[in-house]
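When we follow my numbering, the leftmost residue of the sequence shown carries the number 1, and every step to the right adds one.
Just so you know, even glycine gets a beta-carbon here, dropped at the ideal spot from N, CA and C.
Working notes, structure below.
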Amino acid sequence: MKYFASGKMANVISLVTFLLGSLVALLLFNQGVSTYRSQAASHAQQSMQQFVARYDLALQQTIVRNKKLAHAIQSNPQIDTAQLNQFIQLVYPNPQDVAELFWLKNNSQASPIHFSPMQGLVELETELDTYIRPFIARAEKRNDVVVSPILDPQMTQSTHPLFIIVHPVTARPQNSDFSFIISVHRIASLTQALPNELNRTQYAYVLTDHERHPFAFPDNKMLADLPNVSLEGQDITYVSVPINIHGHKWHLWVYPTSNHFKSIPLIQYIYLGLALLGCLFVSLFLRYGLMQHRALYLRYLQENNNAKQIESDLHQAQSTVKKNNKTTEQTLSSKTQFMTTLSHQIRTPVNGIMGMTDLCLQTELTPKQQDYLRKIHVSAQHLNAVLGDLSDYALLESGQLTLQEHPFSLHEIVDGLYAMLSKEAQDKGLSFNITVPHTVHCDLIGDSRRIKEILLNLCINAIEHTTSGHIHLVINADAEQPSSAETSDYRLRFMISDTGTGFTQDDIVKLFSRSQPLNNHKNISAGLGLAISQALCQLMDGDIAVSSQLGIGSCFTAHINLQLNNLIITAPEQPKLLSKPQRIVVIDDNPISLTMLEHALTSMGASVTAYQFASDALDDLLGGEQPDVILLDWVMPQIGGLAFLTRLQQSENKITSRILILTAYDASSITRMSQHFPVERILGKPCRNEELFHIIEGPAPAPIFTIEENEPRLNNLVVLAAEDNMINQEIICELLEAEGATVIPANDGQHCLDELRRAQHVDIVLMDINMPVMDGLTALKHIRNELAMPDLPVVALTANIFEHDKAHYLQQGMNEHLGKPYDKDKIVECILNLTEHTKR
């Protein structure tokens, strides 16, 4: 046992056992291989015989088809071009069946008719090729079918060896010319006509014609002489058979492309490997039994070494973790810096576009120009939102993206969407339609920006994949929606259908991937838009489903869950009654809103007449006594707010009622559209009960268009605006001057300090951050320290809008932070708050 334990005898016994077992396994494997080769040789001979038989049949069918076409023409002497083309398609259904076809009519002055799979049926303007004429003459002389030998490409000026069949259409009449059908065939096409189950790619052959011209395949060329093929040492022999082609003796030799059998199946090698592994296992098991006491010692040594290795690996892992943490921090820092720089670089020109558009809209323009500029403004706003999506991407990846819910009008989203995409669809020749049934509740609570982003991405995707037809967006509410609760869930369904190229099932799976290209759209990937849209729908307790058919179109269905904005007016803190009775007409297409407004106004002591349709209210107002107040919804079916005001103004009876608009639609848009009408106030939904009471109770102020729009709000204020971009500087100057402020422009931080030293008085400074010569933060330190102006309000007006940027600027001493693009109302409100001025 001690000798065995040393390992010498154990190794010998183990080796002998393994060698004997391996020898037996190899003998059995060799016997199996011999059986396999014998079966394979028999199968190969049968396959080549089938190949020869089908090749002969394909060659004979070529003669028969030519004869059928000649017979069809002979049976229809007055055949026209369309009928001839139909006959050719029936006789030669596959493009490879014939290379060229000529019909030489019996009228010698008529041009030959030519057919090819690429060009179709045409009248030949030139004479027939010279290599065809001898065979026509031979067919005319014999009054029979003539089959040419295999023609070399140098003779025919073709890329492939050919042979020609000339078939007379009619018997020879006295003193008249023949009519012929001449078909030209590629020799290689005979192989393509064979069925795939013959494994035609596994064979090579040599075909000789009656003039002993040899053609070789798959080389697809003519040979100078028959090849001397030696099959010595090969596993498979060749097959040689004669072929009769209309009385001509041709010959066919078929060879296997591979000189030997296919490799032994993998399963045989697996069996051999398993057998060898079995032998190895037995030998190792014997050795293990002899060496067990030695293995215990070796295990101890191994465990000791493993412990040392684990300790070394642990130290290395700790070092790698520290290095990875440092790399991650650097990557995050670089990503943040990249996002900040990219956002700043793009927001600056976007601010110029939006600002100049706003200024241009304040000039005298035609309605069409105003419409174009508004669409430019809307598109720039969307581009600004896309910049926000760059920062949202990281939040989406980490699951930290949150929704900003607020009251909004669905019609506002629809109008903006149509303004942005209708021109793009029209430029592609597409019809873009949006349908919102009147049963849909349009006053909702949710993240309108994200909803618009979902619809925009889905509609843009439809436009990109559609070349003709239409894109149709249908917005519907799911069935069995609650309709009476003041605050309740409301589930919307968006269906975007198109007549585009459609998607396969594999592509549908990849549509919401952020990088995978589509199978049937090789240069198109689904991109980030659809993936973000799906994630946003899921945040709103919904999802996106896709149905599509290739060549017909697609339908994307998105579901989201929102809240009804049924709280049109808040409950009063204390019940209040109007000092005098007032007649109030309420017009709102939403029955819930109508009921709540009627109840709130009635509790104030008003006499309320409610209308769900503006047309009914118009009939009563124009034909009866005028009320004291008209409370009007803006977006309604049939007749909306703008159409209602237009008809009132055009009526013969002058309307003296106070007009209030209560809507979830964008107030600034309504202000522009209603500036020529005596609208007193525009109230948002929900409206505070106390606010509505004081408006109705108080004296009627001047209409919006005489006070709200035109009165300057920054009179007697001096504003210093530091901005290095000349376009943005011009915008901010004109914006503030239009509000009555005196503006001192500065091109950089140093210029700002110089202007502060020269100016007698400055109320506030609007400071850009990234400027040449001296940046905004450095200029701020000089203002606070060297110029000793600690109380001078300084506002960071910059394209850096991330939260960490805002916190940093406020920490450095800025009084407030405003982002680009400019928001006029926010800038004015900020200036008034910081300068302690109120609107007069």
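For residue i, which of the options has the nearest alpha-carbon?
i	options	result
LEU787	SER75, GLN750, THR439 and GLU405	GLN750
PRO112	ILE732, LEU818 and LEU101	LEU101
THR499	SER547, GLU453, ILE532 and TYR490	SER547
ILE413	ALA425, LEU455, TYR372 and HIS441	LEU455
ILE727	VAL350, THR466 and HIS694	VAL350
ILE827	GLN760, GLU739 and ASP805	GLU739
SER448	LEU683, LEU403 and GLN268	LEU403
ASP541	ASP209, SER579 and ILE451	ILE451
GLN154	LYS105, LYS221, LEU124 and THR208	LYS221
GLN505	ALA545, ALA216 and ARG212	ALA545
HIS160	ALA188, VAL147 and PRO134	ALA188
LEU23	ARG37, ILE13 and ALA275	ALA275
HIS411	ALA558, THR663 and VAL147	THR663
SER409	LYS576, ASP633, LEU430 and GLN626	ASP633
ILE245	SER148, ALA779 and LEU286	SER148
ALA600	ALA216, LEU692 and HIS71	LEU692
THR557	ALA477, ASP443, THR126 and PRO77	ALA477
ASN747	GLN675, ALA759 and ASP775	ASP775
Using the beta-carbon count (16 or more within 10 Å), is residue i buried or exposed?
i	result
GLY278	exposed
MET771	buried
ARG757	exposed
LEU736	buried
GLU816	buried
PHE18	buried
VAL16	exposed
THR35	exposed
LYS820	buried
GLY623	exposed
ILE475	buried
THR467	exposed
ILE501	In the sequence as presented, Ile is not what sits at residue 501; that position holds Thr. Classification for THR501: buried.
ALA462	buried
DSSP three-state call for residue i: helix, strand or coil?
i	result
ALA664	coil
SER579	coil
ARG681	strand
LEU601	helix
SER111	coil
HIS761	coil
GLU624	The sequence as given places Gly at residue 624; Glu does not occur at that position. Of the three classes helix, strand and coil, the one that applies to GLY624 here is coil, per DSSP.
LYS824	helix
GLU829	helix
ARG784	helix
VAL321	helix
ASN565	coil
ASP589	coil
MET726	helix
TYR55	helix
ASP841	Within the shown structure, residues of the chain are numbered from 1 to 840, placing residue 841 beyond reach of any answer.
SER657	coil
GLN426	helix
VAL91	helix
ASN11	helix
PRO242	strand
PRO790	coil
SER38	helix
GLU755	helix
GLY21	helix
Residue i bridges to which residues according to DSSP?
i	result
PHE408	LEU444
TYR205	PHE217 and VAL254
ARG186	LEU162
TYR490	LEU562
TRP634	BP columns for TRP634 are empty, so no partner.
ALA545	THR557
PHE135	PHE135 pairs with nothing; no bridge assigned.
For the ligand FMN, any of its heavy atoms closer than 6 Å to the Cβ of residue i?
i	result
LEU15	In terms of ligand content, the structure shown is empty, and the ligand FMN therefore cannot be addressed.
Does the CB of residue i have a neighbour CB from chain C at under 7 Å?
i	result
GLN505	Any reference to chain C falls outside this structure, which holds one protein chain only.
Whole-angstrom Cβ separation of residue i and residue j, contact assumed at under 8 Å?
i	j	result
VAL719	ILE764	6 Å
SER458	ILE434	Inspection of the sequence shows that residue 458 is occupied by Leu rather than by Ser. Actually they do not touch by this definition, with Cβ atoms about 12 Å apart.
LEU473	PHE503	The pair is not a contact, with the Cβ atoms about 18 Å apart (cut-off 8 Å).
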